[in-house]
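Numbered per my numbering, the sequence shown spans residues 799 to 965.
Ideal placement from N, C-alpha and C gives every residue a C-beta, glycine not left out.
Predicted model only: the values in this text are computed from it and were never measured.
A short write-up of the structure that comes next.
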Amino acid sequence: MPSMKAVVLFILALGSLMRPVWPADDLMTSQLVDQARQWQQKNRDDLAAEIWRKLLRTDPIHGEALVELGLIEVRADRPGEARALLERANRISPAPRSLGRLSAALTAAASANNKASPPPKSEHPVPGAPLTIPKPSAAKINPSSSDPDTPGDALILKLSTSLGRIP
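The following block contains the structure:
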């Protein structure tokens, strides 16, 4: 028969593994999410990013916060930070519903950056040589799964449509 001390230690060990969920935590989380969304709707990504970061400090695996902050980082032309957030979101089980939006935004941003920068000098054609233009790879964006209610998605959808990437 285990001693009383062993039973108490076992219960304490189990208790430390569980994350308590308090109604105040849920209320605070929903309030932070609402505030961040409001700032994004007002095109204040700087303030929205602050709130998403605050939420991630309290809940480091909050899927929506990871994805939305990643989208803000893409729009701010910080693909490294966005990629790190995408990797963190990929490790969450189950994966956030909007994870595809962040992946598509990163792909579209990388494609746009490749078009905007001139090729290295070694790739410039020799004068008089025939010009060959490689066909750019299309970003895979599914307009039926995107949520055009968010400013970032609407911008990506509009850019992709104007570039002829979405039929």
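Simplified DSSP assignment, three categories, for residue i
i: S891; result: coil
i: K803; result: helix
i: R876; result: coil
i: S896; result: coil
For residue i, the first and last residue of its enclosing alpha helix (DSSP H)
i: A863; result: 861 to 873
i: K852; result: 843 to 856
Cut-off 8 Å between Cβ atoms - residues of its own chain near residue i, not counting five sequence neighbours on either side
i: K938; result: Annotation note: pLDDT 47 at K938 (below 50); position unreliable, coordinate value reported separately. If we look at K938 and ignore the five residues flanking it on each side, its Cβ neighbours are A902, T905.
i: T827; result: L853, T856, D857, H860
6 Å CB neighbourhood of residue i in its chain, flanking five on each side removed
i: A804; result: none
i: R895; result: none
i: L883; result: L864, L867, G868
i: W850; result: A834, A863, E866, L867
Presumed contact (8 Å Cβ cut-off) between residue i and residue j, rounded CB distance
i: L869; j: R842; result: At roughly 14 Å, the Cβ-Cβ gap does not stay under 8 Å, so L869 and R842 are not in contact.
i: A893; j: A887; result: 7 Å
i: L830; j: W837; result: So it is not a contact: roughly 11 Å between Cβ atoms.
9 Å Cβ cutoff, residue i in contact with chain D
i: Q833; result: In summary, chain D is missing from the structure at hand, where a single protein chain is found.
Close beta carbons around residue i, own chain, < 7 Å, minus the five adjacent residues each side
i: A847; result: L867, I870
i: A907; result: V872, P877
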